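Number of protein chains: 2
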Amino acid sequence: MAATETLTAERILEATEEVLRRYGPAKATVVDVARVLGVSHGSVYRHFRTKAALREAVTERWLERTVVELRPYAEEPGPAAERLTGWLTALFGLKRHKAGGDPELMATFQVLIGENSAVVDRHVDHLVGQIARIVEDGHREGVFAAPERDFATTARAVFDATDRFHDPAHAGDWSAPDIGDAFAAVVSLVQRALRP
Amino acid sequence: MAATETLTAERILEATEEVLRRYGPAKATVVDVARVLGVSHGSVYRHFRTKAALREAVTERWLERTVVELRPYAEEPGPAAERLTGWLTALFGLKRHKAGGDPELMATFQVLIGENSAVVDRHVDHLVGQIARIVEDGHREGVFAAPERDFATTARAVFDATDRFHDPAHAGDWSAPDIGDAFAAVVSLVQRALRP
DNA sequence: GGAATGACAAATATTGAAATCTGTCATCGG
DNA sequence: CCGATGACAGATTTCAATATTTGTCATTCC
Numbered sequence: 050m051a052a053t054e055t056l057t058a059e060r061i062l063e064a065t066e067e068v069l070r071r072y073g074p075a076k077a078t079v080v081d082v083a084r085v086l087g088v089s090h091g092s093v094y095r096h097f098r099t100k101a102a103l104r105e106a107v108t109e110r111w112l113e114r115t116v117v118e119l120r121p122y123a124e125e126p127g128p129a130a131e132r133l134t135g136w137l138t139a140l141f142g143l144k145r146h147k148a149g150g151d152p153e154l155m156a157t158f159q160v161l162i163g164e165n166s167a168v169v170d171r172h173v174d175h176l177v178g179q180i181a182r183i184v185e186d187g188h189r190e191g192v193f194a195a196p197e198r199d200f201a202t203t204a205r206a207v208f209d210a211t212d213r214f215h216d217p218a219h220a221g222d223w224s225a226p227d228i229g230d231a232f233a234a235v236v237s238l239v240q241r242a243l244r245p
Numbered sequence: 050m051a052a053t054e055t056l057t058a059e060r061i062l063e064a065t066e067e068v069l070r071r072y073g074p075a076k077a078t079v080v081d082v083a084r085v086l087g088v089s090h091g092s093v094y095r096h097f098r099t100k101a102a103l104r105e106a107v108t109e110r111w112l113e114r115t116v117v118e119l120r121p122y123a124e125e126p127g128p129a130a131e132r133l134t135g136w137l138t139a140l141f142g143l144k145r146h147k148a149g150g151d152p153e154l155m156a157t158f159q160v161l162i163g164e165n166s167a168v169v170d171r172h173v174d175h176l177v178g179q180i181a182r183i184v185e186d187g188h189r190e191g192v193f194a195a196p197e198r199d200f201a202t203t204a205r206a207v208f209d210a211t212d213r214f215h216d217p218a219h220a221g222d223w224s225a226p227d228i229g230d231a232f233a234a235v236v237s238l239v240q241r242a243l244r245p
């Protein structure tokens, strides 16, 4: 399909995502990707050195999309406490929506996550940075206390404390009926912790 | 070996643990357990209706042992804030020690955990109960604020917030060099949240 | 009488031969 | 010249035949 267009890394990544969606992480092959693009698999290897590198790039794209979807919540105007709750709720909502809407895709994603921990670490740093910014603003506004150590550590603690509500490893729990209450309780705990 | 002793559920459970340790969850069979005990596998089925029931019983025993090891920390005398930190540190320490000391056994345990979520849920309720007791004592002492909703909810939030440091799903992270700092930061966050 | 046995059917796991996939590279074609 | 190709070797996966395991139960043994 569309074999006339030039073969770019971008097009290969799109095809790879499609193949991963359709066949899952175990069955998706480079040959499949090449077939979708109507090229030989050798051509794919011109753009990505290995299958692992290809999957890593897909993982990166996927995670980057989450960061972009969250940015508005990180940067919206208003009191820091509400921004933090909004951001955490948005993160949980995004994840839960994705996990609930397409559990197979989530499972695929989870496998990729597991294969690319370095990429995930960078992504987590990115998200923690967004929290740090909100916490720092809150401190300037006087609604959050000074951090025990520094903003990065506090932000990291907030991220870790809410782990159960964003780590895909816990995706199975997100359909429990009382998960909303549990989330609210932890957010409330975090908010109390940050108060001056 | 010791085929003269009467066959009890207890002896079967011990043999099952040994087989699980030796062969792992995928390869451990009821026939192996019977062989260790020097009996026919039919005899094992007299005490446990299914292989699943046998594994569930092993899981229960295993978890119960954790609760017992933690009880001293839950019941020790002293200020509630220190008891809470002590309890959380003990839980993390126990888990980390087990995961670090015998990663294969931990992996086996994790599989059993996944197979027996009902047993795990009961175990978690038990642990949350220990936290609730400490938090309630703290409130009586005046060192912890009144809970937003009730002690059980607050205790659950504390348990959830520290999830990353006791859930076996995260065992792989526990050997990271800065895990101790991350743990301390979350405990500090929790302590601040509970202050009046 | 009641615990233990072992033969058995159905379900599950193992195995190894055949097929497919990954990654390379000499060659092709525009 | 430069991206694309497809044949190829070695690694990995699939698939179907074979073996093992699970769970039952009529029979045995103390």
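Note that the protein sequences, when read in sequence, are chains A and B.
Going by this note's numbering, the first sequence opens with residue 50, and the numbers climb by one from there.
Going by this note's numbering, the second sequence opens with residue 50, and the numbers climb by one from there.
We put the beta carbon where it would ideally sit given N, CA and C, even for glycine.
This one's a predicted model, so the numbers in the text were calculated from it and none came from an experiment.
**Message:** At 4 residues or longer, what runs of the alpha helix (DSSP H) sit wholly inside the region 109 to 153 of chain A?
**Reply:** 129 to 150
**Request:** Would you kindly work out how many angstroms separate the C-alpha atoms of B/Thr99 and B/Val93, rounded to a whole number?
**Result:** Stepping through the second sequence from its first residue, residue 99 of chain B is reached at position 50. Stepping through the second sequence from its first residue, residue 93 of chain B is reached at position 44. Each residue's alpha carbon lies about 9 angstroms from the other.
**chain B within 8 angstroms of A/Ser237, Cβ atoms only** = As a position in the first sequence, residue 237 of chain A is number 188, starting the count at 1. Interface residue, yes.
**Asked** If we cut at 8 angstroms on Cβ distances, does B/Glu131 have a partner in chain A?
**Response** Against the second sequence, residue 131 of chain B aligns to sequence position 82. No, because no Cβ of chain A sits closer than 8 angstroms to the Cβ of B/Glu131.
**Item:** Buried versus exposed, by CB contacts within 10 Å (16 or more), B/Ala52
**Value:** Numbered from its first residue, the second sequence carries residue 52 of chain B at position 3. Unreliable placement is indicated for B/Ala52, whose pLDDT of 40 sits below 50; no coordinate value is reported for it.
**Prompt:** So which residues of chain A does B/Asp212 contact, with C-beta pairs closer than 7 angstroms?
**Reply:** Taking the second sequence and counting its residues from 1, the one referred to as residue 212 of chain B is at position 163. The contacting residues are Asp212 and Arg213.
**Request:** Would you give the residue range spanned by the alpha helix (DSSP H) that A/His90 belongs to?
**Result:** Counting from one through the first sequence, the residue named residue 90 of chain A turns up at place 41. His90 to His96 is the extent of the alpha helix (DSSP H) around A/His90.
**Prompt:** Helix, strand or coil: how does DSSP classify B/Thr55 here?
**Reply:** To locate residue 55 of chain B, count along the second sequence from 1; it is residue 6. Three-state DSSP puts B/Thr55 in coil, outside helix and strand.
**Message:** So for B/Ala83, helix, strand or coil by DSSP?
**Reply:** Locating residue 83 of chain B in the second sequence gives position 34, counting from the first residue. Helix.
**Item:** Buried/exposed call for A/Pro217, threshold 16 Cβ in 10 Å
**Value:** Mapped onto the first sequence, residue 217 of chain A falls at position 168. So A/Pro217 ends up on the buried side.
**Item:** Option nearest B/Gly187 by Cα separation, candidates B/Trp111, B/Tyr72 and B/Arg244
**Value:** Taking the first residue of the second sequence as position 1, residue 187 of chain B is located at position 138. If we check each option's Cα against that of B/Gly187, B/Arg244 comes out closest.
**Request:** Taking only the alpha-carbon atoms, compute the straight-line gap between A/Trp111 and A/Ala167 and give it to the nearest angstrom.
**Result:** Here residue 111 of chain A corresponds to residue number 62 of the first sequence, with the count starting at 1. Here residue 167 of chain A corresponds to residue number 118 of the first sequence, with the count starting at 1. In a straight line, the C-alpha of A/Trp111 is about 14 angstroms away from that of A/Ala167.
**Request:** Please confirm whether A/Ala204 and A/Val177 have their CB atoms less than 8 angstroms apart.
**Result:** Along the first sequence, one-based indexing puts residue 204 of chain A at 155. Along the first sequence, one-based indexing puts residue 177 of chain A at 128. Yes. Within cutoff.
**Message:** Which residues in chain A have a C-beta closer than 7 angstroms to the C-beta of B/Glu197? List them in chain order.
**Reply:** Reading the second sequence from its first residue, position 148 is the one you call residue 197 of chain B. Result: Ser237.
**Request:** Note down the Cα distance separating A/Glu113 from B/Glu190, rounded to an integer number of angstroms.
**Result:** If you number the first sequence from 1, residue 113 of chain A lands on position 64. If you number the second sequence from 1, residue 190 of chain B lands on position 141. Cα-Cα distance, rounded: 48 angstroms.
**Message:** Quick check: the region 139 to 154 of chain A against the region 217 to 229 of chain A, are at least 3 beta-carbon pairs closer than 8 angstroms?
**Reply:** yes
**Backbone CA spacing between B/Glu118 and B/Thr108 [nearest angstrom]** = As a position in the second sequence, residue 118 of chain B is number 69, starting the count at 1. As a position in the second sequence, residue 108 of chain B is number 59, starting the count at 1. Cα-Cα distance, rounded: 16 angstroms.
**Asked** Which residues in the same chain as B/Val85 place their Cβ atom closer than 8 angstroms to its Cβ, once the five residues preceding and following it in sequence are excluded?
**Response** Within the second sequence, residue 85 of chain B is the residue found at index 36, counting from 1. These residues qualify, in order along the chain: Met50, Ala64, Glu67 and Val68.
**Item:** As assigned by DSSP and simplified to three states, the class of B/Asp199
**Value:** Against the second sequence, residue 199 of chain B aligns to sequence position 150. Coil at B/Asp199, not helix or strand.
**Asked** Is B/Thr65 close to chain A, meaning its C-beta is less than 8 angstroms from at least one C-beta of that chain?
**Response** Looking up residue 65 of chain B in the second sequence gives position 16. Output row for B/Thr65: interface = no.
**Prompt:** Taking C-beta to C-beta, are B/Arg132 and B/Ile183 nearer than 8 angstroms?
**Reply:** Reading the second sequence from its first residue, position 83 is the one you call residue 132 of chain B. Reading the second sequence from its first residue, position 134 is the one you call residue 183 of chain B. In contact: B/Arg132 and B/Ile183 (Cβ atoms closer than 8 angstroms).
**Prompt:** By the 10 Å Cβ neighbour count, where 16 or more other Cβ atoms means buried, how is A/Ala234 classified, buried or exposed?
**Reply:** Here residue 234 of chain A refers to the residue found at position 185 when the first sequence is read from its first residue. The residue in question, A/Ala234, is buried, as its Cβ has 16 or more Cβ neighbours within 10 Å.
**Request:** Using a Cβ cut-off of 9 angstroms, pull out every chain B residue sitting near A/Asp209, in sequence order please.
**Result:** As a first step, residue 209 of chain A must be located in the first sequence, where it is residue number 160. Those within 9 angstroms of A/Asp209 in chain B are Ala210, Thr211, Asp212, Arg213, Phe214, Ala231, Phe232, Ala234, Val235 and Leu238.
**Request:** Use the C-beta contact count for A/Pro196: other C-beta atoms within 10 angstroms, 16 or more gives buried, fewer gives exposed.
**Result:** The sequence position of residue 196 of chain A within the first sequence is 147, counting from 1. When all chains shown are included, A/Pro196 counts as buried.
**Prompt:** Taking just the CA atoms, how far does B/Gly73 sit from B/Val79?
**Reply:** Position 30 of the second sequence, counting from 1, holds the residue named residue 79 of chain B. Position 24 of the second sequence, counting from 1, holds the residue named residue 73 of chain B. Each residue's Cα considered, the two are about 13 angstroms apart.
**Request:** Report back the beta-carbon spacing between A/His90 and A/Ala58 to the nearest angstrom; my notes put them in contact at under 8 angstroms.
**Result:** As a working note, residue 90 of chain A is residue 41 in the first sequence. As a working note, residue 58 of chain A is residue 9 in the first sequence. That belief does not hold up - the Cβ atoms of A/His90 and A/Ala58 are roughly 15 angstroms apart, past 8 angstroms.
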